[in-house]
Structure formats: C-alpha cells, structure tokens
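Visitor: Taking the numbering used here, the leading residue of the sequence shown gets 295, the next gets one more, and so forth. We treat Cβ as the ideally placed atom computed from N, Cα and C, and that holds for glycine. What follows is a single structure, and I will ask about it in a moment.
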Amino acid sequence: MRTFYAFLSNQRRLFLILAASAMVAILVSVAAALYFSGSKEQAVAVLAKDEIVILRTPGGMLEVSTLIRNEVFQWSTEYTCLPLDCGKLFGKTISEVRVPVHYTYRIPLAAQWSLKRVGQHFELAAPTPQPKLPAAIDVKKLEIRTDKAWFSPDKTEHRESVIRNIGPEFDRRAQQQKYLDAQRDDAKKTVAEFAQKWMLAQGVATNLRGYPIRVSFPDDPRPQ
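Here it is in structure tokens:
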C-alpha cells in the first residue's frame with residue numbers, strides 16, 4: 295500500500311513539473327511576441343559593384359564651361375597686281391584687334407545617362423563639349439589699331455573687312471584642341487554636379503549619394 299502511495303506522489307510531482315514547464319514556454323512566447331510586435335520586413339537597396347544607375351535628364355543642351363580670353367587678332371589688306379608684288383611695292387594696311395572673347399562650351403543631354411558604379415565611385419561617359427557659336431565678343435572693350443602705308447588700301451574698307459573676319463576667326467579658335475583642353479576640368483565638374491543633383495531629385499541610389507562621380511569625355515588624353 296505504501297508503495298502505491300509513493301507511486302502516486304511521483305506521478306503528481308512529474309505532472310507539476312510538466313505543467314510548470316509548459317507555463318514557462320507560454321510566457322516566453324507571449325513576451326517574445328510583444329517585444330517583436332513592431333518589426334517589419336523590407337528589401338535592402340544595395341547596388342552590385344557592376345550595377346548601372348539610369349538617370350533621366352531634361353534633354354536639350356547643358357552649358358558646362360566658359361573661357362574668357364583676351365584675344366589678339368591681326369588682319370592685313372594689300373593690293374594684288376600680278377606678276378608684281380604690290381604688297382612690297384605699295385605697302386599693307388594692318389590692323390591689330392584686342393578684345394575679350396567669351397567661349398561657352400556645352401554638351402547635348404541624352405534622354406538617359408548611365409552611371410556605372412566602380413568600387414567607391416560612379417563613372418559617367420559624357421559627350422565631348424562643343425563650343426556655342428558664334429563666340430561672344432565683348433564689343434564694348436574692342437580695340438582696333440590700324441597702321442597704313444602711304445599707298446596701301448583705305449582704312450575704312452580695311453576696318454570693315456576686319457569686323458567681318460574677327461567672328462569667324464574666334465569661332466575657329468574655339469574649336470582648337472588647346473581651348474578644349476583649357477575648359478576640360480571645369481566642364482567635368484559641372485557635369486558631375488549636374489548628375490548629383492538629378493540623382494537627388496529623382497531619388498536614385500539614395501544610399502550612395504555621397505559617392506563621387508568621375509566624368510570622362512571621348513577626347514580625354516590617354517594616360518601615359
């Protein structure tokens with residue numbers, strides 16, 4: 295009989311242990327549910343190293359740089375009378391022009407630009423800047439000095455010829471490589487700033503806005 299009561303006591307003890315364990319498990323589950331009730335799931339926007347960011351542009355032309363140069367231009371007029379050298383015989387009328395000229399360069403904005411992430415920066419290949427023609431001549435500061443020989447062509451007609459030709463001459467200079475090289479760095483900065491602003495406006499790659507943009511032009515000098 296004593297053995298039977300001992301068996302019942304052990305069964306009651308086991309039941310109480312199991313019941314207590316179940317209660318603890320329930321309390322832990324409830325506490326965890328309350329603690330994590332404010333969580334949510336969402337995708338993490340991460341760009342792969344070779345991912346391309348597409349940037350829409352407003353189209354049209356983007357002015358990227360302006361060079362202001364104090365230009366000097368010389369123009370001569372002489373008579374022709376083959377087979378004689380009338381320039382030596384009668385002399386030349388020569389004018390020297392000094393004037394500030396504003397050379398503005400711009401690039402066309404394609405419908406979309408592609409920015410490629412490379413490591414910790416973006417790379418953007420942009421079109422070569424082209425001069426806006428005609429070049430802007432500061433006529434208020436135009437200086438013309440004319441020297442005339444005794445029998446050389448008339449000054450008035452000569453000056454009219456000078457005025458007709460200074461525009462085409464400065465347009466030609468605007469397209470010279472040394473002028474394009476002089477504005478290159480400023481043009482790249484303008485393009486990079488423009489791209490950064492449009493990335494911000496369009497909400498593109500928001501987690502990478504601090505990444506610098508390196509701009510390249512097709513006519514960039516090759517590294518030595």
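(1) In the DSSP assignment, what residue or residues form a beta bridge with residue 517?
(2) Using a Cβ-Cβ cut-off of 6 Å (strictly less than) and excluding sequence neighbours within five positions of residue 506, which residues of its own chain qualify?
(3) Comparing alpha-carbon positions, which option in 405, 418 and 358 lies nearest residue 246?
(4) How is residue 356 classed by DSSP in three states: helix, strand or coil?
(5) Among the residues of its own chain, which have a CB less than 7 Å from the CB of residue 466, if the five just before and after it don't count?
(6) Quick one: grab the DSSP three-state call for residue 368.
(7) Excluding five sequence neighbours on each side, which residues of the same chain lie with their C-beta closer than 7 Å to the C-beta of residue 400?
(8) Helix, strand or coil: how does DSSP classify residue 468 here?
(9) Have a look at 438, 410, 482 and 406 and flag the residue whose alpha-carbon is nearest the alpha-carbon of residue 366.
(10) To the nearest whole angstrom, what separates the beta carbons of residue 395 and residue 436, a pair I think is in contact under 8 Å?
(11) Going by DSSP in three states, residue 424 sits in which element: helix, strand or coil?
(12) According to DSSP, is residue 577 part of a helix, a strand, or is it coil?
Guide: Straight from the coordinates:
(1) Here residue 517 corresponds to residue number 223 of the sequence shown, with the count starting at 1. Looking at the DSSP assignment, residue 517 forms no beta bridge with any residue, so it has no partner.
(2) Within the sequence shown, the letter at position 212 stands for residue 506. 415, listed in sequence order.
(3) Not covered by the structure: residue 246. The range shown for the chain is 295 to 518.
(4) Within the sequence shown, numbered from 1, the residue matching residue 356 stands at position 62. Residue 356: strand per DSSP, three-state reduction.
(5) If you number the sequence shown from 1, residue 466 lands on position 172. Answer for residue 466: no residue qualifies.
(6) Residue numbering aside, residue 368 sits at position 74 when the sequence shown is read from its first letter. In this structure, residue 368 counts as strand in the three-state DSSP scheme.
(7) Reading the sequence shown from its first residue, position 106 is the one you call residue 400. If we look at residue 400 and ignore the five residues flanking it on each side, its Cβ neighbours are 355, 356, 357, 358, 423, 424 and 426.
(8) For the purposes of this step, residue 468 is taken as the residue at position 174 of the sequence shown. It is helical.
(9) Here residue 366 corresponds to residue number 72 of the sequence shown, with the count starting at 1. Minimum Cα distance to residue 366 is reached at 438.
(10) As a first step, residue 395 must be located in the sequence shown, where it is residue number 101. As a first step, residue 436 must be located in the sequence shown, where it is residue number 142. No, residue 395 and residue 436 are not in contact; Cβ-Cβ is about 10 Å, not under 8 Å.
(11) As a first step, residue 424 is located in the sequence shown; it is residue number 130 there, counting from the start. Here residue 424 sits in strand by DSSP.
(12) For the chain, the structure presents residues 295 to 518; residue 577 sits outside this window and is missing.
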